[in-house]
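Residue numbers (my numbering): 874 to 1489.
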């Protein structure tokens, strides 16, 4: 029989529509503006007295509190008005002092029954939700210096293994110099090193009674080092941002030595800056023996006790680059520690170094690159000059009890927060070169609210115009198309929520375009039905022919658009991807509603019934 679906198909369509409605509902519950209070050490929270004082402070300031939620290590205060967030943070930071950190937050308000179904609202992009924008600059000179330090360590080990005596090594810019006591040792070392290290231009010089082997990196080698540095930093920053759990972050290269990082929804800029910009790395070194020459040792202080020092070997066993995984835990005494797993090469080097040095101390050296600003006068004007510097401090110095392999632990950390951040940095990888913050911008939630309001208004205007056109042009069939249009928008929102897609302003533009394209298929079908009726077919035959003969044109047109959207997503970045995602999902939901949902409504209304006149 024409224009009739089997029962299972109606039920399947109904299930999909009900699922779409359920999973789009969380978007009706926007996140609450909130502030989160946690201790600096991350292991305590506010007591009842402090919490009562906090509430009284907010009441006196006329700030409405929606709810207060206590967790193990923090307190979340939900506010009635987003405009009060900054003021609340300032008031509580002043009241609680340096022992606690007060950070802006957005707390979910989705009902528990929807959360039990794994239904969550769409994530919003930086232009809608607010967040932070960082512009970072990679220190290319430091990248070259770090590579030379690694090469110098390898050369010293090679010289010792060949029993070639040397006085010391020195790095200046892109030049590495090794000092020998005589020409014979220098020439032997040159022949040996030149076979392994081909990125240098070698020359021999004399300085008093000393013989110098001067090695300068070639231009090609410097370019390769700098390209590697920025690409490795891009990868590391992406890993760090993923660890932060930020939805749809943007991490991309800008120019030869700069990186842009955008974090939607992140309002605790201090924490984000600390994690993103951290240039920390670890080095594992043996403690120097009393008879070790001074040229082969370095002296460092302990981070938690500046009065305590230790002499370490210059040669590095492994660095944080060899860490494959790391996580925070606590030792048998309840003190924080970091459990580390090394990759294959790192495990081999660690085992080789420790099995021959049982009973000797091994140190964990924490290295962090920082900058400080210095104001100087130039031509009568104050100019701020950024000076990079490096801090090195010992985390622990422990005796090697047995040969270590791929797994071991680091102790001597001050707090669980420090242990957690160190584990995060080791998991995500160390930076190939230091990075410095050139620009930092915070986009507030008020701007996002204004963008959302305008975007919603554009969707509403587009929807109203389409609805009016379809009603005037196609009458009863226009009602079918408008119902399908509303369901299409619902399914699109549900799909974006389920997939965790991020909605941006270009994404809203994609939704508006989808609304216009969604009725294209119905227009083709309805015009085809009119044409078949004019051709003399009966009403039932005209409806059937209209859907069947318009099918190929609809699919061809939408597949072409879908291919364009896929290409935009694959080669685009940021806003372009947001537009491509909404457009792609909108095409698929439009096909479903236009071909199946409207057909099922038409079938239920006219299928298998004697119809004398068709209102189309």
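All residues carry an ideal CB built from backbone N, CA and C; glycine is no exception. Please read all numbers here as calculations on a predicted model, not as lab measurements.
query	result
Tell me the start and end of each unbroken beta strand (DSSP E) in the region 994–1049 that is at least 3 residues and wholly inside, in chain order.	1004–1011, 1041–1045
Have a look at 1442, 1107, 1201, 1288 and flag the residue whose alpha-carbon is nearest the alpha-carbon of residue 1374.	1442
What does a CB cutoff of less than 6 angstroms around residue 1340 pick up in its chain, not counting 5 residues either side in sequence?	1355
With a threshold of 16 other CB atoms inside 10 Å of the CB of residue 1475, please say whether the residue is buried or exposed.	buried
Does the distance from the C-beta atom of residue 1336 to that of residue 1133 stay below 9 angstroms?	no
Would you say residue 940 faces chain D, with C-beta separation under 9 angstroms as the test?	Structure shown: chain D not included; a single protein chain is present.
In the DSSP assignment, find the unbroken beta strand (DSSP E) run with residue 1077 in it and report its ends.	1073–1080
Is there contact here, the region 1414–1432 with the region 1326–1333, by at least three beta-carbon pairs under 8 angstroms?	no
For residue 1000, which option in 1451, 1487, 1471 has the closest C-alpha, if you only look at C-alpha atoms?	1451
So, helix, strand or coil for residue 980, using DSSP?	strand
Round the Cβ separation of residue 930 and residue 965 to the nearest angstrom and send it over; I've been treating them as touching at under 8 angstroms.	7 angstroms
Could you compute how far the alpha carbon of residue 909 sits from the alpha carbon of residue 1314?	21 angstroms
Looking at the unbroken beta strand (DSSP E) that takes in residue 930, where does it start and where does it end?	No beta strand (DSSP E) holds residue 930; the alpha helix (DSSP H) holding it covers 921–933.
On the DSSP bridge assignment, give the partners of residue 1495 in chain order.	There is no way to answer for residue 1495, as the model of the chain reaches only from 874 to 1489.
Could you give the first and the last residue of the continuous beta strand (DSSP E) run that contains residue 1123?	1123–1127
Give the range of the alpha helix (DSSP H) segment to which residue 1063 is assigned.	1056–1069
Do three or more CB pairs link the region 1366–1386 to the region 1408–1424 at distances below 8 angstroms?	no
What does the alpha-carbon distance come out to for the pair residue 1366 and residue 1277?	53 angstroms
Tell me which same chain residues have a C-beta within less than 7 angstroms of the C-beta of residue 1168, skipping the five on either side of it?	1040, 1041
Label residue 1256 either buried or exposed according to how many other C-beta atoms from any shown protein chain fall within 10 Å of its C-beta, with 16 as the threshold for buried.	exposed
Where are the beta strand (DSSP E) runs, 3 residues long or more, that stay fully inside the region 1215–1276, in chain order?	1234–1251, 1254–1272
Relative to the alpha-carbon of residue 1006, which residue among 1312, 981, 1263 has its alpha-carbon at the smallest distance?	1312
If we count Cβ pairs, one from each stretch, closer than 8 angstroms, do we get three or more for the region 1265–1274 versus the region 1226–1235?	yes
Can you give me the Cβ contacts of residue 1031 inside the same chain, cut-off strictly under 8 angstroms, excluding the 5 residues immediately before and after it?	1065, 1066, 1069
In angstroms, rounded to a whole number, what distance separates the CA positions of residue 952 and residue 920?	20 angstroms
Would residue 1466 and residue 1391 qualify as a contact pair, given that the criterion is a beta-carbon distance under 9 angstroms?	yes
Take residue 1456 and list the residues in its own chain whose beta-carbon comes closer than 6 angstroms to its own, dropping the five residues that flank it on each side.	1383, 1438
May I ask you to report which of helix, strand or coil DSSP gives residue 1180?	strand
Around the C-beta of residue 902, are 16 or more other C-beta atoms found within 10 angstroms, so that it is buried, or is it exposed?	exposed
Can you list, in chain order, the residues of its chain with a C-beta nearer than 7 angstroms to that of residue 1094? Leave out the 5 residues immediately preceding and following it.	1072
What is the DSSP secondary structure of residue 1134, counted as helix, strand or coil?	strand
Name the DSSP beta bridge partners of residue 1086, please?	1051, 1077
Per DSSP, what kind of secondary structure is residue 949 in: helix, strand or coil?	strand
With DSSP run on the structure shown, which of helix, strand or coil describes residue 1202?	strand
Quick check on the burial criterion: 16 or more other C-beta atoms within 10 angstroms. Buried or exposed for residue 1213?	buried
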